[in-house]
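Trainee: Okay, handing you the structure first.
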Amino acid sequence: MGYLCYLKMNSMYIIKITILLVCAALLAGCGNKEKKQENFRYFRNYQATFRDLNDKHVSAARRWGIDPVHSEEELKEQMKKLVKIRSCRWYEIDDLTHSLPYLVPRADKLLETIGRNFRDSLDSKGLPDRKIIVTSVLRTDSSVKRLRKKNLNASANSAHIFGTTFDVAYARYVGGKEEERDKLKTVLAEVLQDLRLAKKCYVRYEYKQGCFHITVR
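The sequence shown begins at -17 in the working numbering and counts up by one.
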């Protein structure tokens, strides 16, 4: 009987020690996250950094993209060269009003890389997990004309018509909170700058539209 009591007390002791060790590990993890956030450095000079002009975007788009189409009917002839993109673990597709969710495979791969690198970077910096939002993708000539009636800054010679180009919001994120916005924007900018310097894409910062305009290289 005494031996059984000893085993029971010993087992309870082990359980308590295990719980304490788990709690200590969790607290240490939280401490590391707080320390990472304390050392957070904000990105500066968005406009000066991301200023790849439209001619660069269009030049790359002509090289890697489809033949421009005038309408959604003509787009059917190009479908074999395109990939339909859908909301996934790496990014969210916004409600598209002037574009269609299609990209050439090369651009589709770039978009996935951006989304994956963004989430990995958030984790490494101890920030909450969030997803980027894609706000514009493939446009036809007719959709560009409709867009220009609402947005005078929209270019008639748009890289979007080649299926190589997409816009990613910098002020909105899935699950994002207002107080996180500047940090999330910094992380996204760092991800894009790394890919830009690696010559994977061209990027333009569109202040009035609240997005990064990105074309695969």
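We treat Cβ as the ideally placed atom computed from N, Cα and C, and that holds for glycine.
(1) In chain order, which continuous runs of the beta strand (DSSP E) of length 3 or greater are located wholly inside the stretch 52 to 96?
(2) Is P83 near R101, with beta carbons less than 8 angstroms apart?
(3) Taking its Cβ as the centre, do 16 or more other Cβ atoms sit within 10 Å of R44, making it buried, or is it exposed?
(4) Please return the same chain residues whose Cβ sits closer than 6 angstroms to the Cβ of H142, not counting the five positions on each side in sequence.
(5) Measure the alpha-carbon distance for L179 versus E172 and round it to whole angstroms.
(6) What did DSSP end up calling T146 once you bin it into helix, strand or coil?
(7) Which same chain residues end up closer than 7 angstroms to C193 when comparing Cβ atoms and leaving out the 5 residues on each side of it in sequence?
(8) Taking the Cβ atom as the reference point for each residue, do D37 and V185 lie within a distance shorter than 8 angstroms?
(9) If you drop the 5 nearest sequence neighbours on each side, which residues of the same chain put their C-beta closer than 6 angstroms to that of L57?
(10) Using C-beta distances below 7 angstroms, list every residue in its chain close to N99, excluding the 5 sequence neighbours before and after it, in chain order.
(11) Quick one: grab the DSSP three-state call for L177.
Mentor: According to the structure shown:
(1) 73 to 75
(2) Taking the sequence shown and counting its residues from 1, the one referred to as residue 83 is at position 101. Taking the sequence shown and counting its residues from 1, the one referred to as residue 101 is at position 119. Contact: no.
(3) Start at 1 with the first residue of the sequence shown, and residue 44 comes out as number 62. Exposed is the call here.
(4) In the sequence shown, residue 142 corresponds to position 160, counting from 1. Here the set comprises R121.
(5) For the purposes of this step, residue 179 is taken as residue 197 along the sequence shown, with counting starting at 1. For the purposes of this step, residue 172 is taken as residue 190 along the sequence shown, with counting starting at 1. Looking at the two C-alpha atoms, the distance is approximately 11 angstroms.
(6) Position 164 of the sequence shown holds residue 146. It is coil, neither helix nor strand.
(7) Position 211 of the sequence shown, counted from the first residue, corresponds to residue 193. Counting only Cβ-Cβ distances below 7 angstroms, and skipping sequence neighbours, we find T117, D149, V150, A151, Y152.
(8) Position 55 of the sequence shown holds residue 37. Position 203 of the sequence shown holds residue 185. Cβ atoms of D37 and V185: not closer than 8 angstroms.
(9) Mapped onto the sequence shown, residue 57 falls at position 75. The answer, listed in chain order, is V51.
(10) For the purposes of this step, residue 99 is taken as residue 117 along the sequence shown, with counting starting at 1. Hits under 7 angstroms: V173.
(11) The sequence position of residue 177 within the sequence shown is 195, counting from 1. Residue state, collapsed to three classes: helix.
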